[in-house]
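Peer 1: For reference, each letter of the first sequence is one residue, going 127 to 764 in our numbering.
For glycine and all other residues, C-beta sits at the position ideal for the given N, C-alpha and C.
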Amino acid sequence: MPKITLPDGSKRFYKEPISTIEIAKSIGSSLAKATIAGKINNVLIDATLPIYKDSNLVIITSKDKEGIEIIRHSFAHLVGHAVKQIYPEVQMAIGPVIDEGFYYDVFSEHRFTPEDLLKIEERVNKLIKQNYNVVISQANKKEAINIFKERNEIFKLRIIEGIDDNALINLYKHQEYIDMCRGPHVPNTKHLRYFKLTKLSGSYWRGNSQNESLQRIYGTAWTSQKDLDEYLKRIEEAEKRDHRKIGKKQSLFHIQEESPGMIFWHPNGWMIYQILEKFIRDILLKNNYLEIKTPQAVDKSLWEKSGHWEKFRDDMFTTASESRIYAIKPMNCPCHVQVFNQGLKSYKDLPIRLAEFGSCHRNEPSGSLHGLMRVRNFTQDDAHIFCTEEQIQEEVSKFIDLVFEVYKTFGFDEIIIKLSTRPSKRVGSEDIWDKSEEALSQALNNKGLSWQLQPGEGAFYGPKIEFSLKDCLNRLWQCGTIQVDFSMPMRLDATFVDVNNEKKHPVMLHRAILGSFERFIGILIEQYEGKFPIWLAPTQIILLNITDRNSEKCIELNKQINEKGYRSKVDLRNEKIGYKIRESTMQRIPLIGVVGDKEQTDNSISIRSLDGTNLGIFKLNELYTFMESLIDKKGRVH
RNA sequence: GCCCUUGUAGCUCAGCGGUAGAGCACUCCCUUGGUAAGGGAGAGGUCUCGGGUUCAAGUCCCGACGAGGGCACCA
127 MPKITLPDGS KRFYKEPIST IEIAKSIGSS LAKATIAGKI NNVLIDATLP
177 IYKDSNLVII TSKDKEGIEI IRHSFAHLVG HAVKQIYPEV QMAIGPVIDE
227 GFYYDVFSEH RFTPEDLLKI EERVNKLIKQ NYNVVISQAN KKEAINIFKE
277 RNEIFKLRII EGIDDNALIN LYKHQEYIDM CRGPHVPNTK HLRYFKLTKL
327 SGSYWRGNSQ NESLQRIYGT AWTSQKDLDE YLKRIEEAEK RDHRKIGKKQ
377 SLFHIQEESP GMIFWHPNGW MIYQILEKFI RDILLKNNYL EIKTPQAVDK
427 SLWEKSGHWE KFRDDMFTTA SESRIYAIKP MNCPCHVQVF NQGLKSYKDL
477 PIRLAEFGSC HRNEPSGSLH GLMRVRNFTQ DDAHIFCTEE QIQEEVSKFI
527 DLVFEVYKTF GFDEIIIKLS TRPSKRVGSE DIWDKSEEAL SQALNNKGLS
577 WQLQPGEGAF YGPKIEFSLK DCLNRLWQCG TIQVDFSMPM RLDATFVDVN
627 NEKKHPVMLH RAILGSFERF IGILIEQYEG KFPIWLAPTQ IILLNITDRN
677 SEKCIELNKQ INEKGYRSKV DLRNEKIGYK IRESTMQRIP LIGVVGDKEQ
727 TDNSISIRSL DGTNLGIFKL NELYTFMESL IDKKGRVH
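#1: Could you check what DSSP says for A663 in three-state terms: helix, strand or coil?
#2: Taking the continuous alpha helix (DSSP H) assigned at M634, which residues delimit it?
#3: Should L416 go down as buried or exposed, given a rule of 16 or more other Cβ atoms within 10 Å for buried?
#4: Among the residues of its own chain, which have a CB less than 6 Å from the CB of K745, if the five just before and after it don't count?
#5: In the structure shown, what three-state DSSP assignment does D758 receive?
#6: Please check the pair N314 and N257, which I expect to be a contact at CB under 8 Å, by giving their CB distance rounded to whole angstroms.
#7: Terminal residues of the continuous alpha helix (DSSP H) containing V532?
#8: Which of helix, strand or coil does DSSP assign to S181?
#9: Given this structure, state the Cα-to-Cα distance separating F512 from V209, to the nearest angstrom.
#10: Please go through the same chain and pick out, in chain order, the residues whose beta-carbon is closer than 6 Å to the beta-carbon of Q609, but skip the five residues on each side of it.
#11: Pop quiz: I743 and I660 are said to be a contact at Cβ under 8 Å. What is the actual Cβ separation, rounded to whole angstroms?
#12: Pull up the DSSP beta-bridge partners for D231, would you.
#13: Considering Cα atoms alone, identify which of H764, M616, L717 and P128 is closest to Q464.
#14: Who are the near neighbours of L204 in its chain, counting only those whose CB is closer than 8 Å to its CB and skipping five residues on each side?
#15: L669 by DSSP, collapsed to three states: which one?
#16: Is it the case that the stretch 287-301 contacts the stretch 260-275, given that we only count it when at least three CB pairs across the two stretches are under 8 Å?
#17: Do F643 and R714 have their beta-carbon atoms positioned less than 8 Å apart in this structure?
#18: Kindly indicate which three-state DSSP category L618 falls into: helix, strand or coil?
#19: How would you call P664, buried or exposed, if buried means at least 16 neighbouring beta carbons within 10 angstroms?
#20: For Q506, which residues of its own chain have a beta-carbon under 6 Å away from its beta-carbon, when the five flanking residues on both sides are left out?
#21: Please report the distance separating the alpha-carbon of G387 from that of T161.
#22: Among D355, K352 and W391, which residue has its Cα nearest to the Cα of R370?
#23: Give a yes or no on whether the C-beta atoms belonging to T146 and I185 are separated by under 8 Å.
#24: Spatial neighbours of C461 within its chain, please: CB distance less than 6 Å, with the 5 preceding and 5 following residues excluded, ordered by chain position.
#25: Can you look up L746 in the DSSP assignment and give me helix, strand or coil?
#26: Jot down the residue ranges of each uninterrupted alpha helix (DSSP H) in the stretch 542-604, minimum 4 residues, whole runs only, in chain order.
#27: For M306, which residues in the same chain have their Cβ closer than 8 Å to its Cβ, ignoring the five residues on either side in sequence?
#28: Do you know whose CA, among L323, H311, D425 and F612, lies nearest R776's CA?
#29: In whole angstroms, what is the alpha-carbon distance linking E768 and K159?
#30: Give every residue of the same chain whose Cβ lies closer than 6 Å to the Cβ of E652, excluding the five residues on either side of it in the sequence, and list them in chain order.
#31: For Y303, does the three-state DSSP call read helix, strand or coil?
#32: When the distance is taken between beta carbons, is L326 closer than 8 Å to L411?
#33: Pair every Cβ in the stretch 531-542 with every Cβ in the stretch 483-502, then say whether three or more of these pairs are closer than 8 Å.
#34: Which value, in whole angstroms, describes the spacing of the CA atoms of P581 and S546?
#35: Measuring straight from C-alpha to C-alpha, what distance separates D557 and A569?
#36: Quick check on P310: buried or exposed, where buried means 16 or more other Cβ atoms within 10 Å of its Cβ?
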């Protein structure tokens, strides 16, 4: 006699155990048609499974977030169904839901190509039209093993091995195809309509490159054609913001075959880079950092001492000379310790904050390179804070504030914070790791920030907080970071004299605000769609003459603006004004100044903004005031 | 590093067995025009590199290198 309470508080009594879909039917036939699953006391359940006890029930339809996820999940099964029909020898691994879609990892001798994807898509469409029931059944472990043995699904068998002996396993029958899943799933394929298989990729069983190579089929799925179309449109639009495309269009930088993963900065891009560097340098000086510069190549013995050689030897570029081996520095920290080690330090000197715009080289795997985001040569806005244990909290806290202050300047509204803790391969005692992880999580909690834990993802010498930003396709890139390190100072024998006149090792905090200039600029390009705020814009204003009569006036005004310290240039080509405006607009120059006979007479400029607004006629001093106000704002949105 | 895709003029791309094409950009000429493309002419390519198949190869096959999307990695 289950009593069912619905979200509006109304109660319904049933004589027998009853399924969600039957309850929906008793409410209304259109609700029943739309029912995808039930949520009983906050736990999702298949729509066709009976409910025995008194429960709170929410009927899930495609309007619910959970509904879309179930649809996506069922689409993965449906793709499985189609794949097995076309390629019966394929073995199915896992098929989970992801953001805006799903994938299925499969094992097959056959190498899938984009043409195969179309074939599979076609088959899925065929199956969809049959509106068949997805039938759930429950099996114990032994039964499940038999079923998947018979079907030669070795990956499913491996999954079953990890399941509790007494657990019931949900099996979903899509006609002749059987999948195994926690569920729930849609009761009928009529709920599965709007999808597209998007891409193929390689993957590894259980995400481990030592395991079997699998092939991953990605798809996206929605609850209406409109949503699907909008999604595809959105991706298309986002791709236009790709920093590599804009970088080419606006001549910011290039990369070429002879130096993969290393950047040739062009005048425009290098201007942005320099402005950023100056901006950070000023901030560091204000915050009591001391800037230094250390060597590019350092004898391998130092990297052996620091522990890098053992762990990263293959990832370093090396060079040999006179029977010595040097590593091109992959990071700055060992060098910074060398600077710290010069001269005796007292506890009174701490904290010492050594900063460097350090150019580092890392031989990153070829497949990981990605425009400016992942490169082999990058420059960090790096610094190492040498302090006592007692000073950690405050330093970390101050640093977090600094990161937010800087990021706010660029208008980022989504900063993802993660805390990465001790990895399996590490140096340092458990006690030290406990202390370090505690210090970082405390600092975050004290600020009331929300953050995610990433167990096992820390650096080999210490845990870290990561500040990540998203690119145009929502991919996450770590930018800022702060890492607690008790080990490096010991290994490299950094010491200070404490209040009891005893030598002690300082703690070292590795930290970067932007991370690398390369990556950060990549993010900025996509953030601004190449329309840089005026303080960063390589060219801030361009002057266009209407006719040759106005050329000299343009040159004269341009010279004055330049001398005033603004980045101004002219376009005096014999072209119509509309043409030149179009070109400047496409070059994303924030201000376009037009000088014709009228302006020439009263020594003024007609100014137009990048978005096409006519800002009116400006005298030079008015222009300076106006530009100054824009520059002050930087990239802030609030 | 792994899987799929891909590499043709400065850029974007077409050509997919018979000896290279478009638009834009560039050069020159005409045009001096007031807020997102005025007109004409011209120049420009050992089709990434190295092998192979073929009478004949950007075009098919193999390999290398680069790039794109994922995976793995990320001090």
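Peer 2: The answer reads as follows:
#1: Residue mapping note: residue 663 aligns to position 537 of the first sequence, counting from 1. Correct three-state label for A663: coil.
#2: In the first sequence, counting from the first residue as 1, residue 634 sits at position 508. Here M634 belongs to no alpha helix (DSSP H); instead the beta strand (DSSP E) covers V633 to S642.
#3: Translated into the one-based positions of the first sequence, residue 416 becomes position 290. That one is exposed.
#4: The count along the first sequence starts at 1 and reaches residue 745 at position 619. Closer than 6 Å at Cβ, skipping near neighbours: S730.
#5: Working through the first sequence from its first residue, we reach residue 758 at position 632. In the three-state DSSP reduction, D758 falls in the helix class (H, G or I).
#6: Taking the first residue of the first sequence as 1, we reach residue 314 at position 188. Taking the first residue of the first sequence as 1, we reach residue 257 at position 131. Indeed, because the Cβ distance is near 6 Å, the residues count as touching under 8 Å.
#7: The sequence position of residue 532 within the first sequence is 406, counting from 1. I518 to F536 is the extent of the alpha helix (DSSP H) around V532.
#8: The residue given as residue 181 occupies position 55 in the first sequence. Correct three-state label for S181: strand.
#9: As a first step, residue 512 must be located in the first sequence, where it is residue number 386. As a first step, residue 209 must be located in the first sequence, where it is residue number 83. Approximately 58 Å, taken between the alpha carbons.
#10: Here residue 609 is taken as the residue at index 483 of the first sequence, counted from 1. Within the same chain, Q609 has close Cβ partners A585, G588, K590 and H636.
#11: In the first sequence, the residue the question calls residue 743 occupies position 617. In the first sequence, the residue the question calls residue 660 occupies position 534. No, I743 and I660 are not in contact; Cβ-Cβ is about 19 Å, not under 8 Å.
#12: To locate residue 231, count along the first sequence from 1; it is residue 105. Answer is R342.
#13: By one-based count along the first sequence, residue 464 stands at place 338. Cα-wise, what sits closest to Q464 is M616.
#14: Translated into the one-based positions of the first sequence, residue 204 becomes position 78. Correct list, in chain order: V250, L253, I254, H300, T315 and L318.
#15: Taking the first sequence and counting its residues from 1, the one referred to as residue 669 is at position 543. If DSSP states are grouped into helix, strand and coil, L669 belongs with the strands.
#16: yes
#17: Indexing the first sequence from 1 puts residue 714 at position 588. Indexing the first sequence from 1 puts residue 643 at position 517. Cβ distance not < 8 Å, so R714 and F643 don't count as in contact.
#18: For this step, residue 618 is matched to residue 492 along the first sequence. It is coil, neither helix nor strand.
#19: Residue numbering aside, residue 664 sits at position 538 when the first sequence is read from its first letter. It is buried - the Cβ of P664 has at least 16 other Cβ atoms within 10 Å.
#20: The count along the first sequence starts at 1 and reaches residue 506 at position 380. Once the five neighbours on either side are set aside, the close Cβ partners of Q506 are G484, A638 and S642.
#21: In the first sequence, the residue the question calls residue 387 occupies position 261. In the first sequence, the residue the question calls residue 161 occupies position 35. Taking the straight line from one Cα to the other gives about 51 Å.
#22: As a working mapping, residue 370 is identified with position 244 in the first sequence. Nearest option by C-alpha distance: W391.
#23: On the first sequence, position 20 is the one that residue 146 refers to. On the first sequence, position 59 is the one that residue 185 refers to. In this structure, I185 lies closer than 8 Å to T146 by Cβ.
#24: Locating residue 461 in the first sequence gives position 335, counting from the first residue. Only T420 meet the Cβ criterion.
#25: Here residue 746 refers to the residue found at position 620 of the first sequence. The answer is helix: DSSP assigns L746 an H, G or I state.
#26: 556-572
#27: Numbered from 1 along the first sequence, position 180 holds the residue referred to as residue 306. A270, F274, K282, I285, I286, I295, N296, L297 and Y298.
#28: The structure shown does not extend to residue 776, since the chain is modelled only from 127 to 764, so the question has no answer here.
#29: For residue 768 there is no data in the structure shown, the boundaries of the chain being 127 and 764.
#30: Position 526 of the first sequence holds residue 652. Excluding residues within five positions, the ones whose Cβ falls inside 6 Å are R367, H369, D597 and C598.
#31: Taking the first residue of the first sequence as position 1, residue 303 is located at position 177. Assignment of Y303 by DSSP, reduced to helix, strand and coil, places it in the strand class.
#32: As a position in the first sequence, residue 411 is number 285, starting the count at 1. As a position in the first sequence, residue 326 is number 200, starting the count at 1. No, the pair does not count as a contact, with Cβ atoms beyond the cut-off.
#33: no
#34: Here residue 581 refers to the residue found at position 455 of the first sequence. Here residue 546 refers to the residue found at position 420 of the first sequence. Cα-Cα distance, rounded: 6 Å.
#35: Counting from one through the first sequence, the residue named residue 557 turns up at place 431. Counting from one through the first sequence, the residue named residue 569 turns up at place 443. So the two alpha carbons sit approximately 19 Å from each other.
#36: For the purposes of this step, residue 310 is taken as the residue at position 184 of the first sequence. Under this definition P310 is a buried residue.
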